[in-house]
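Using the working numbering, the letters of the sequence shown map in sequence onto residues 2 to 304.
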Amino acid sequence: MDPSSSRTFKYIFSYELFLVMLACLLAGGALLLRAMDMEVLRAMELLPVKVFFIAITVNRVGGVIHDGIFNRPRLLLSVGVIMVIAGAGVNSAMWYRGTVGLGSGEPLEGFEQVSHGIFAGEHAGGGIIINSISGDVLMNPEDSEVEIFGEGGARYSLHSGDSQWQRYIYRVRVESVEAAPLFQVRSPQGAEVFSSFVKLRLHPVGERDYFMVTPLPHRFYLSLTADEDKPLRLVVTRGRLVLIDQGVALGEVISLDDIKVRIPSVTGWVRLTVEKQPGRIAMLAGLFMVAAGTAIVLWRRYG
Numbered sequence: 002m003d004p005s006s007s008r009t010f011k012y013i014f015s016y017e018l019f020l021v022m023l024a025c026l027l028a029g030g031a032l033l034l035r036a037m038d039m040e041v042l043r044a045m046e047l048l049p050v051k052v053f054f055i056a057i058t059v060n061r062v063g064g065v066i067h068d069g070i071f072n073r074p075r076l077l078l079s080v081g082v083i084m085v086i087a088g089a090g091v092n093s094a095m096w097y098r099g100t101v102g103l104g105s106g107e108p109l110e111g112f113e114q115v116s117h118g119i120f121a122g123e124h125a126g127g128g129i130i131i132n133s134i135s136g137d138v139l140m141n142p143e144d145s146e147v148e149i150f151g152e153g154g155a156r157y158s159l160h161s162g163d164s165q166w167q168r169y170i171y172r173v174r175v176e177s178v179e180a181a182p183l184f185q186v187r188s189p190q191g192a193e194v195f196s197s198f199v200k201l202r203l204h205p206v207g208e209r210d211y212f213m214v215t216p217l218p219h220r221f222y223l224s225l226t227a228d229e230d231k232p233l234r235l236v237v238t239r240g241r242l243v244l245i246d247q248g249v250a251l252g253e254v255i256s257l258d259d260i261k262v263r264i265p266s267v268t269g270w271v272r273l274t275v276e277k278q279p280g281r282i283a284m285l286a287g288l289f290m291v292a293a294g295t296a297i298v299l300w301r302r303y304g
């Protein structure tokens with residue numbers, strides 16, 4: 002192939018497609034600014050973004066062919082760019098992010114909230130188990146330590162706000178550590194009506210959460226106080242009638258209507274987010290190849 006043909010080839014696969022990519026990037030950015038969430042973007046089918054990725058892929062494939070024929074030192078650089086693009090494409094189609102609340106010793110078997118790509122498949126979660134939650138989860142949850150077991154014998158400890166990569170493609174993040182009071186309800190004769198840890202969101206101080214106990218008509222509200230002797234504030238309502246509104250100590254028995262309420266202890270639970278990025282390995286390998294290819298090109302040109 003003569004030099005003029007080479008220049009024509011490079012022009013077709015580089016300059017015109019660069020303009021197409023730039024236009025699609027601007028259009029995609031406009032859609033991103035207008036869209037409120039990923040559901041809206043999926044409804045729009047991400048058409049400009051898809052066209053952008055197709056155009057840049059064609060551009061780089063053309064670059065590989067061109068470099069293989071005319072400029073072999075740049076071949077590694079071009080292949081690296083393609084791998085980065087391919088990894089980004091895989092992530093875009095197969096990623097997912099799930100959020101779940103887990104207690105100590107509880108395995109991850111599913112997510113409460115999930116957002117994902119169109120080909121995400123099964124949301125496995127990386128075989129995660131919360132082994133233990135240590136620390137004062139009631140008054141100082143930010144200092145509590147969460148020990149997590151993952152697949153392949155992985156074992157690591159995180160605090161609230163920390164994250165850890167697992168098997169290079171799973172990102173595990175502890176969003177927050179919350180309190181789960183052991184809530185007991187008994188009849189006047191001492192028969193157990195209800196006894197279970199209840200996952201509540203009580204942080205920061207003043208935040209209030211509630212739950213109900215079937216078949217009781219009451220609604221139980223709990224919040225934190227600054228009183229170390231009575232760290233919980235209990236409000237119990239039946240319909241619009243407020244039956245109790247007072248601070249309670251752990252182990253204190255509260256009588257109302259024909260039941261007795263007691264909170265003997267508090268354990269912790271974790272709001273956990275697991276994100277899967279299946280194209281991350283290809284992207285990292287591609288970035289390494291881009292760096293190596295750039296170094297080779299610069300060394301051959303200026304070395």
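By construction, the Cβ of each residue, glycine as well, lies at the ideal position given by its N, Cα and C atoms.
Just so we're clear, the structure is a prediction, and the values are computed from it rather than from any experiment.
About 4 Å separates the beta carbon of residue 270 from that of residue 104, a gap short enough to meet the 8 Å contact definition.
For residue 78, the enclosing alpha helix (DSSP H) stretches over residues 76 to 95.
Taken through DSSP and simplified to helix, strand or coil, residue 268 comes out as strand. Taken through DSSP and simplified to helix, strand or coil, residue 248 comes out as strand. Secondary structure note for residue 289: it is in no beta strand (DSSP E), and the uninterrupted alpha helix (DSSP H) holding it is 281 to 303. Taking C-beta atoms under 8 Å as the contact rule, residue 161 and residue 177 qualify, at a distance of about 5 Å. At the C-beta level, residue 154 and residue 168 stay beyond 8 Å of one another. For residue 214, there is no enclosing beta strand (DSSP E), as DSSP marks it with neither H nor E. 172 is the residue among 144, 118, 148, 172 whose C-alpha sits nearest the C-alpha of residue 274. Ranked by how close their Cα comes to the Cα of residue 133, the residues 159, 257, 112 have 159 in first place. In the three-state scheme derived from DSSP, where H, G and I count as helix and E and B as strand, residue 148 is classed as strand. Residue 96 counts as buried, since no fewer than 16 other beta carbons sit within 10 angstroms of its beta carbon.
Put simply, the backbone Cα of residue 250 is about 24 Å away from that of residue 218. With fewer than 16 other Cβ atoms inside 10 Å of its own Cβ, residue 106 counts as exposed.
For residue 278, the closest C-alpha among the options 98, 80, 76, 81 is that of 98. Counting along the chain, residue 132 sits inside the beta strand (DSSP E) bounded by residues 130 to 135. With a threshold of 16 other beta carbon atoms within 10 Å, residue 75 meets it and is buried.
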